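Quick notes on the structure that follows.
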Amino acid sequence: MFHVSDPVENSRASRLAQVETIFSNPSQPSVHVIGGGKFLRDVTRVMNPLNYTATTVDGSSGQAAAVSCGGDDALVLIDGSIPDALEICEDLGEALPKILVSSETSFAYRAKCARSHVSTIIADPIEQAELVHWLEHLGGQLSEQPASILLVDDDPVASAVYAEILRANGMIVSILNDPLKIIPTINGTFFDIIIMDLKMPHTDGIEIAKIIRQHKSHLSIPIVFLSSEEDKAIQMRARQFGGDDFISKRADLDALVMLINLRVERARVLRSLIERDGLTGLLNHRRFNERVEQEMDRVRRTGMQFCVAMIDVDHFKNVNDTWGHPIGDQVLSILARALVGWVRKTDVVGRYGGEEFALLLLDTSPEAVFDVLENFRSHFAGIIFDGRPQQFSLTISIGVAGSDVCQNTAEIFAEADRALYLAKNNGRNQVVLAHPAADVPASPDTGAGKDQ
Numbered sequence: 252m253f254h255v256s257d258p259v260e261n262s263r264a265s266r267l268a269q270v271e272t273i274f275s276n277p278s279q280p281s282v283h284v285i286g287g288g289k290f291l292r293d294v295t296r297v298m299n300p301l302n303y304t305a306t307t308v309d310g311s312s313g314q315a316a317a318v319s320c321g322g323d324d325a326l327v328l329i330d331g332s333i334p335d336a337l338e339i340c341e342d343l344g345e346a347l348p349k350i351l352v353s354s355e356t357s358f359a360y361r362a363k364c365a366r367s368h369v370s371t372i373i374a375d376p377i378e379q380a381e382l383v384h385w386l387e388h389l390g391g392q393l394s395e396q397p398a399s400i401l402l403v404d405d406d407p408v409a410s411a412v413y414a415e416i417l418r419a420n421g422m423i424v425s426i427l428n429d430p431l432k433i434i435p436t437i438n439g440t441f442f443d444i445i446i447m448d449l450k451m452p453h454t455d456g457i458e459i460a461k462i463i464r465q466h467k468s469h470l471s472i473p474i475v476f477l478s479s480e481e482d483k484a485i486q487m488r489a490r491q492f493g494g495d496d497f498i499s500k501r502a503d504l505d506a507l508v509m510l511i512n513l514r515v516e517r518a519r520v521l522r523s524l525i526e527r528d529g530l531t532g533l534l535n536h537r538r539f540n541e542r543v544e545q546e547m548d549r550v551r552r553t554g555m556q557f558c559v560a561m562i563d564v565d566h567f568k569n570v571n572d573t574w575g576h577p578i579g580d581q582v583l584s585i586l587a588r589a590l591v592g593w594v595r596k597t598d599v600v601g602r603y604g605g606e607e608f609a610l611l612l613l614d615t616s617p618e619a620v621f622d623v624l625e626n627f628r629s630h631f632a633g634i635i636f637d638g639r640p641q642q643f644s645l646t647i648s649i650g651v652a653g654s655d656v657c658q659n660t661a662e663i664f665a666e667a668d669r670a671l672y673l674a675k676n677n678g679r680n681q682v683v684l685a686h687p688a689a690d691v692p693a694s695p696d697t698g699a700g701k702d703q
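Our numbering runs 251 ahead of the 1-based position in the sequence shown.
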């Protein structure tokens, strides 16, 4: 008997295999929760929708030391009301991030917490938005990616030597030997920090720093001067006109690497506060647009495609009208964390405005991510929210567009918006591609256009 293969099924199977490969490593930091019975139950209820891998430890059972065996991404959430909470924190050591839940706010208590290696204290009862913020921050979301460095130096030999030193310490380094090309270079690629020589022919580092700071989108990028200049007045002038730090070329190489790592880490924290939405911790509208623009520039150079997905909560106004804005904020926080946990760490999640979110999915096509987003749509529809006393569920609509059929940033957003409009207009609770391939099925109409 002969078997005739179905080209549509083969194509779909190929796409599913691609999805499994691309999205096989979602962001799911591990959280160890230590506390009494009620605390463990309350935390479990708060964290269940957030896509964290959480393990609970009875703080009175002597098992707390076991959490030190957690993975590199692990952190600890501990009940400050158990008698030996601070002793447990101290025993767990300084390296493991720890969140203590306590209503105590005195300086003396906070000093004890600092001596016991507590990373932060959040109030009891736990506010979900604040918990999400600290889980994201301490779980490594801001600092786990290798530092991206732009090294600006007219000397190819010197820049190559410093680049190899930084690469050997896990950093991603790009070299620019022609400082006059600084603006197109930083327009097309994101860098955590610019390390720049002070004295260069035809220009100097201070002049280049001034040019960088003339552009609004580059005001926050740290500039560190690496120079043998000993004149304190010149060093101060370099800081005055756009530089953030000054490191001597005579510095010990280990100290140089440590200083750069510390500067990158601090810059990421400050940039997060500036660029992120206060409620959800996601990139805000402006910064998300800039990231898409950067990817569009990269597409023009490399030919690699990406896609943008616009996500809207169906009938969200009914949530605020029925259960109040605090519950509405909780819904948005949970959706934000669920999205972050669902996609890859290299992808970008933003809050576009109100109840609308956006995804930047790198090095992939809309067809490849269709099933990922379809599964997320189904997952979110299964989350039960507590309206106190009533419970309710919600659905989302998703529109997706790919860079391969769009000429610029405005066009890809317009296409994603058009697909989202079709999803909303055709009954909601579905994923729609702006330009679907023949083998991509329509997302099922589950009747979710009706209010929950």
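Where is the CB? At the ideal position from N, CA and C, for every residue including glycine.
A quick note: this is a predicted structure, and the numbers were derived from the prediction, not measured.
Query: Between residue 388 and residue 381, what straight-line distance do the alpha-carbon atoms span, to the nearest angstrom?; Result: 11 Å
Query: Helix, strand or coil, according to DSSP, for residue 541 in the structure here?; Result: helix
Query: Inspect the beta-carbon positions of residue 565 and residue 679 and report whether they are closer than 8 Å.; Result: yes
Query: Can you check whether the CB of residue 462 is closer than 8 Å to the CB of residue 434?; Result: yes
Query: Got a sec? Which residues, its chain only, sit under 8 Å from residue 633 by beta carbon, not counting five neighbours each side?; Result: 644
Query: How far does the alpha helix (DSSP H) with residue 515 in it reach, from first residue to last?; Result: 504–526
Query: On the criterion of 16 or more Cβ atoms from any shown chain inside 10 Å, does residue 575 qualify as buried, or is it exposed?; Result: exposed
Query: Identify whether residue 546 lies in helix, strand or coil by the three-state DSSP scheme.; Result: helix
Query: Leaving out five residues on either side along the sequence, give the residues of the same chain with a beta carbon under 6 Å from the beta carbon of residue 407.; Result: 428
Query: Below 8 Å on the Cβ atoms is my contact criterion, and I expect residue 599 with residue 534 to pass it. Report the Cβ-Cβ distance as a whole number of Å.; Result: 6 Å
Query: Got a sec, what are the start and stop residues for the beta strand (DSSP E) residue 607 sits in?; Result: 607–612
Query: Taking the alpha-carbon positions, what's the residue 502 to residue 410 distance?; Result: 16 Å
Query: For residue 687, does the three-state DSSP call read helix, strand or coil?; Result: coil
Query: Kindly indicate which residue of 590, 476, 510, 455 has the alpha-carbon position closest to the one of residue 610.; Result: 590
Query: Could you confirm whether any beta carbon from chain B is found closer than 8 Å to the beta carbon of residue 615?; Result: This model lacks chain B altogether, as it is built from one protein chain only.
Query: Rounded to the nearest angstrom, how far is the Cβ of residue 283 from that of residue 327, given a contact under 8 Å?; Result: 5 Å
Query: State the beta-bridge partners of residue 283 as determined by DSSP.; Result: 306, 327
Query: With a Cβ-Cβ cutoff of 8 Å, do residue 307 and residue 291 count as a contact?; Result: yes
Query: I need the DSSP call for residue 599, collapsed to helix, strand or coil.; Result: strand
Query: Using alpha carbons as the reference points, say which of 593, 683, 577 lies closest to residue 637.; Result: 577
Query: Quick check: residue 570 and residue 625, are their CB atoms within less than 8 Å of each other?; Result: no
Query: Output the distance between the C-alpha atoms of residue 531 and residue 661, rounded to the nearest integer angstrom.; Result: 25 Å
Query: If distances are taken between C-alpha atoms only, which option among 486, 451, 515 comes closest to residue 397?; Result: 515
Query: Any idea if residue 701 is buried or exposed, counting beta-carbon neighbours within 10 angstroms, 16 or more meaning buried?; Result: Legend: pLDDT at residue 701 = 36, less than 50; position of this residue unreliable, value from coordinates given subsequently. Burial call: exposed.
Query: Consult DSSP for residue 634 and reduce its assignment to one of helix, strand or coil.; Result: coil
Query: Please report the straight-line C-alpha distance between residue 496 and residue 621, rounded to a whole angstrom.; Result: 45 Å
Query: What does DSSP give as the partner residues of residue 487 in its beta bridges?; Result: Residue 487 is not bridged to any residue.
Query: In terms of alpha-carbon separation, which member of 602, 597, 596 lies closest to residue 583?; Result: 602
Query: Since I believe residue 475 is in contact with residue 437 (beta carbons under 8 Å), could you give me their beta-carbon distance rounded to a whole number of angstroms?; Result: About 14 Å separates the two Cβ atoms, so there is no contact after all.
Query: For residue 416, which residues in the same chain have their Cβ closer than 8 Å to its Cβ, ignoring the five residues on either side in sequence?; Result: 504, 507, 508
Query: Note down, in chain order, each residue of its chain lying with its Cβ closer than 6 Å to the Cβ of residue 453, except the 5 sequence neighbours on either side.; Result: none
Query: Would you kindly work out how many angstroms separate the C-alpha atoms of residue 423 and residue 359, rounded to a whole number?; Result: 42 Å
Query: Would you kindly work out how many angstroms separate the C-alpha atoms of residue 594 and residue 546, rounded to a whole number?; Result: 17 Å
Query: Under the three-state reduction of DSSP, which class applies to residue 412: helix, strand or coil?; Result: helix
Query: What is the residue span of the beta strand (DSSP E) that residue 390 lies within?; Result: First-last for residue 390: undefined, no H or E at that position.
Query: Quick one: what does DSSP say residue 555 is sitting in, helix, strand or coil?; Result: coil
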